[in-house]
Amino acid sequence: RPDAQAKSDGTAKFGVDVQLPGMLTAVIVRCPHFGGSIVNWDKSSIQNLSGVQSVFEVHSGVAVVADTYWQAHKAAKVLVIEWDKGPIGDLDSAEIQRQQLQLLEEQEPYLVLEEGDSPLNWDGSATVINADYSAPFTHHSPMEPQNATALAQNNDGRIEMEMWIPNQAPGLCRAVAAHFTDIPRDNISVNTLLMGGGFGRRGYPDFSGEVAAIAEKMLGTPIKLMWSREDDMQHDYYRASSEHRLKAALDNEGNIVTWQHTMVVSSIIKTLAVSMVSSLLPSWVPASVAESLGGKGGALIAPYDTIASEGAKIPYSVPNISVGQIDYDSGVPTGFWRSVGYSYNVFVVEGFIDELAHAAQQDPVSYRLKYLNNAPRFAAVIELAAKKAQWNQSRPGIYQGVAVSQPFGSFCAMVVDISISGTQYTIERVVAAVDCGLVINPDIVAAQIEGGIIYGLSAAVKSPVTFKEGATVQSNFHDLPVIRMNEYPKQIDVHIIESDIDPTGIGEIGVPAIAPALANALFAATGQRLRQMPLELS
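See the structure below:
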């Protein structure tokens, strides 16, 4: 890669590396409660602190502008603010889950998919299998917290703004900056920088609107807005929690006759609609009109979010299939997270198909392949992963699990080898097979799969985000950890299927299959069927 050396020797320019003459640094003190607001605040509590240049309100809180980051950060820590907790100030994680489970019981889902003559007819089935699965809220935690730099200037009566932002959506950055200022969108330019991790979080450019509002107020002075690690974890757009109810009917030979899957999850498209519409409409459309149209558009698609249900449309040829979705908005900000809907739906689908294989007393690999006669690329990655992992070739103390997924047009299968000591387990090896069409650079494919496995494992085995009084409980890596190097799989093998089909995605392909493959390996080792993350043995 052309950028490999710069990233290795420290010369690559990320958002935090921006330096401009006369630049000041800003931090924002935000309400810890989602949807909360300022009651009052005391400017005098910090205005005499060293380095503090200005303190004022912006749309998301109180901005503290200082000579350096640490001066701004120190002042923000002691700024006296009284908050109104807002409409969800009494909400906690237990209540969110209770509401989701209640919806599963009481509300009819919107049918995302219905195939077959009698998808809800269970009569005559030899065996009916039921299972509830659960996936928690998950954080992004990129190594570079959110940041942005902006300079607003008056050029002969024309206010213009230049921005330097590590982001995943420059059009949205510009639209959001215009929305929170009086600067027309056509007068705003965005320089997109390298980002120290995005994973979907930097597709939500709230930080763009914040730095724009501060820079407009500090006209003529470059402003770098920095988020702390605590800001980044407590004001994320989290992967939404989801609750799933599955039911399948098997005939006397263990064949799947009917498959039903109902999920309760937040709509991603609905929450993004306002910003998306603002960025797509012509710049002469007033911001208030764009926001109204975005809200109406979000309401129209609320019953069914194609992104939230990604991965629920199973690849397996089953006569009768029903997939339903119930929209639920807890008030907690949610959004894109690496592999998005696939990240939880594949965990659910691949866990449940494993349950059906064991109920039918059939090998999990062979059972899957039986239903993939019309999906040769799916079958090929499973066969290759199983072959390379020496599936079913008994090795003392090693237990195996398998899972497969098809995110964004690519195909990936994984086999996980684990060893067990009491309730503790070690991931000895992960074998992945991937078909992403024509491969230009095999090293990048392997690196993305390896990185996806590590990223997916953090969500699968580490403590999730929790909420109390409408605010995030955790604040840093000490209580919201990611997987450490000593916890990595001892070995990761990536095998690429050669192809001349058009290239497809690879950046998110390594995430979805790792959690269910690990859960299925844990079942093989202990007989415990883990239907929720984090995956912990009892």
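Under the working numbering, the sequence shown has 401 at position 401, and the numbering climbs by one with no breaks. For every residue, glycine included, the Cβ atom is placed at its ideal position computed from N, Cα and C. The structure displayed is predicted, hence computed values, not measured ones.
For residue i and residue j, what's the separation of their Cα atoms in angstroms?
i: N40; j: A459; result: 38 Å
i: I497; j: I514; result: 19 Å
i: V29; j: Y455; result: 29 Å
i: A75; j: I46; result: 6 Å
i: E144; j: G197; result: 6 Å
i: A175; j: G203; result: 12 Å
i: S37; j: Q97; result: 25 Å
i: E57; j: D443; result: 48 Å
i: F352; j: P166; result: 39 Å
i: S540; j: A447; result: Summary: the structure shown does not reach residue 540, with the chain confined to residues 1 through 538, and so no result is reported for it.
i: A215; j: P222; result: 7 Å
i: W345; j: H59; result: Sequence inspection shows Asn at residue 345; the Trp mentioned does not correspond to that position. Whole-angstrom Cα-Cα distance: 36 Å.
i: A432; j: N255; result: 27 Å
i: S343; j: R531; result: 14 Å
i: A12; j: V404; result: 36 Å
i: K387; j: L369; result: 13 Å
i: T563; j: G171; result: A query on residue 563 cannot be resolved here, the shown segment of the chain reaching from 1 to 538 and no further.
i: Q406; j: A26; result: 42 Å
i: K77; j: A178; result: 29 Å
i: V482; j: S141; result: 8 Å
i: A521; j: S538; result: 15 Å
i: G451; j: S44; result: 47 Å
Mind checking if residue i is an interface residue toward chain C, Cβ cutoff 7 Å exclusive?
i: M195; result: Among the chains in the structure shown there is no chain C, since it carries only a single protein chain.
What would DSSP say about residue i, mapped onto helix, strand or coil?
i: M485; result: helix
i: T526; result: helix
i: R338; result: coil
i: D493; result: strand
i: A12; result: coil
i: Q71; result: helix
i: M533; result: coil
i: Q325; result: strand
i: V18; result: coil
i: S93; result: helix
i: A63; result: strand
i: V318; result: coil
i: E428; result: strand
i: Q5; result: helix
i: L49; result: coil
i: R30; result: strand
i: Y455; result: helix
i: L111; result: strand
i: I307; result: coil
i: I501; result: coil
What are the residues that DSSP puts in a beta bridge with residue i?
i: L246; result: A131 and H261
i: D42; result: V80
i: D435; result: F411
i: G470; result: None, per the DSSP bridge assignment.
i: V404; result: A413
i: R98; result: None; R98 has no bridge partner.
i: M23; result: None; M23 has no bridge partner.
i: R239; result: T138
i: F56; result: A63
i: M233; result: M233 pairs with nothing; no bridge assigned.
i: S267; result: Partner(s): none; S267 has no beta bridge.
i: S421; result: Q424
Please check the pair residue i and residue j, which I expect to be a contact at CB under 8 Å, by giving their CB distance rounded to whole angstroms.
i: M161; j: A148; result: About 11 Å; that fails the 8 Å criterion.
i: L20; j: D67; result: With a Cβ gap of about 14 Å, L20 and D67 do not count as contacting.
i: F336; j: Y238; result: F336 to Y238, Cβ: 10 Å. No contact.
i: D206; j: S267; result: Incorrect: roughly 18 Å between the Cβ atoms, too far for contact.
i: Q234; j: T472; result: 4 Å
i: F199; j: R338; result: 4 Å
What residue ranges within the stretch 133-184 form continuous alpha helix (DSSP H) runs of no fewer than 4 residues, ordered along the chain? You should have 170-179.
Can you list the alpha helix (DSSP H) stretches of 4 or more residues lying completely in the stretch 328-393, in chain order? Every alpha helix (DSSP H) of 4 residues or more that sits fully in the stretch 328-393 is shown, in chain order, as 342-359, 364-370 and 376-388.
Entirely within the stretch 187-224 and at least 4 residues each: give me those alpha helix (DSSP H) ranges in chain order. The DSSP assignment places 206-217 as complete runs of the alpha helix (DSSP H) inside the stretch 187-224, in order along the chain (cut-off: 4 residues).
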